[in-house]
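Sequence positions in the sequence shown follow my numbering and run 17 to 342. Here the structure comes first, spelled out in structure tokens, and everything after it is commentary.
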Amino acid sequence: MPVIFAYLFVIFIWATTPLAIHWSNSSLNFIAAVSLRMVLALAVCGVLMLIFKLPLIKKRSDWMAFLAGMVGLYPNMLLVYWSAQYISSGMMAIILGIYPFAVGLFSLLFLRESVFNPLRIAAVCLAIAGLAIIHIEQMSAESDAIYGVMGMIVSSFLFALSTVWVKAIGSGINPLRQSTGVLLLAVPAFSITWFILDGEMPQFIDARSMIGVSYLSIAGTVVGHTLFFYVLRNCSMMAVSVIPLITPVMALSIGGVFAGEGVTALTVLGSIVVLFALALYQGVHTALSKLLRRGSKKAAQCLNPMPQLKRKVSFLSSLVIGQWNG
Numbered sequence: 017m018p019v020i021f022a023y024l025f026v027i028f029i030w031a032t033t034p035l036a037i038h039w040s041n042s043s044l045n046f047i048a049a050v051s052l053r054m055v056l057a058l059a060v061c062g063v064l065m066l067i068f069k070l071p072l073i074k075k076r077s078d079w080m081a082f083l084a085g086m087v088g089l090y091p092n093m094l095l096v097y098w099s100a101q102y103i104s105s106g107m108m109a110i111i112l113g114i115y116p117f118a119v120g121l122f123s124l125l126f127l128r129e130s131v132f133n134p135l136r137i138a139a140v141c142l143a144i145a146g147l148a149i150i151h152i153e154q155m156s157a158e159s160d161a162i163y164g165v166m167g168m169i170v171s172s173f174l175f176a177l178s179t180v181w182v183k184a185i186g187s188g189i190n191p192l193r194q195s196t197g198v199l200l201l202a203v204p205a206f207s208i209t210w211f212i213l214d215g216e217m218p219q220f221i222d223a224r225s226m227i228g229v230s231y232l233s234i235a236g237t238v239v240g241h242t243l244f245f246y247v248l249r250n251c252s253m254m255a256v257s258v259i260p261l262i263t264p265v266m267a268l269s270i271g272g273v274f275a276g277e278g279v280t281a282l283t284v285l286g287s288i289v290v291l292f293a294l295a296l297y298q299g300v301h302t303a304l305s306k307l308l309r310r311g312s313k314k315a316a317q318c319l320n321p322m323p324q325l326k327r328k329v330s331f332l333s334s335l336v337i338g339q340w341n342g
């Protein structure tokens, strides 16, 4: 599959995941919902591994890559599902927007890549201000929402840690093998957590939970994580970390259409500040200015074709004179 298609699929899956998590939690507690998702995903990955006859382990270092990827599922996804009890799906996607900043921090620590400059430091401060606006809104609207906000912030850092760690190992493992290995380590951890904190089989599962768990098992985990590892293997950290710049607006729209989630003025303001900070951090303004300069140069050439015409006439003249002298 072309990398660009995988990249677009990851964006779509990330945008729809928060709402699907909310649906999963409609009749299941958060531990049961996430544990069931991972068990089903591991079963599907196992079948695919048998179909494609892929070995799980080729060398010992593969286990380290699986461990690095596992952090992105456990305890990260446990925190995400827990946070979904307190905040909307759109808010979850907005707060995940701090992921690129966390990637920059861990890239400095693990990859020795210094991605920070005065402009990016200013962008980080601006993003913190945007999150503070969202915090104020959430705390004034509902006191328990602060738990969800804080949980998603910690989750963003855990996922960034996992991403950079996998990139630092650079083992080049087949994405399906990577997903299967990660799930093989994560599922026992989820199962033990479910047994200790809950341990009760659900008595009733409604249609929304079934749809949410099924979608997240197949699209969110099997397809989504496999494509994400594929993108991570073939793209730079900068390209990977820009994904949360696109998903929040999509997630807010999806949450509004399919779940009737309301958006207040302060939430919109805080979201705009965070997205603007992300754009500033990623250098979107620089890319746009370069694009505009190229466009203006082409427009100037179209409006004033004389320089090109003179060069062509000069070339033809020299060609004719050369043939005449010959």
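Glycine residues also receive a C-beta, built at the ideal position from the N, C-alpha and C atoms.
- Excluding residues up to 5 positions away in sequence, T196 lie with their Cβ nearer than 6 Å to the Cβ of M65 in the same chain.
- In this structure, R53 places its C-beta atom within 7 Å of the C-beta atom of V229.
- The count of Cβ pairs closer than 8 Å, one atom from the stretch 82-95 and one from the stretch 171-180, reaches three, so the stretches are in contact.
- In the structure shown, the three-state DSSP call for T242 is helix.
- Annotation for I67: the continuous alpha helix (DSSP H) segment containing it runs F46 to F68.
- Contact between L192 and L70 holds: their C-beta atoms lie close to 6 Å from each other, under 8 Å.
- In the assembly as shown, P134 is an exposed residue. Its beta-carbon has fewer than 16 other beta-carbons within 10 Å.
- Taking all protein chains shown into account, C61 has 16 or more neighbouring C-beta atoms within 10 Å of its C-beta and is therefore buried.
- DSSP places L89 outside both helix and strand once states are collapsed to three, so it counts as coil.
- The alpha-carbon of Y297 is positioned some 25 Å away from that of G240.
- Excluding residues up to 5 positions away in sequence, V60 lie with their Cβ nearer than 7 Å to the Cβ of I234 in the same chain.
- With a cutoff of 7 Å on beta-carbon distance, G88 and A267 are scored as not near each other.
- The C-beta distance from A84 to S207 rounds to 21 Å, too long to meet the 8 Å contact threshold.
- Taking C-alpha positions only, M226 is separated from E129 by approximately 43 Å.
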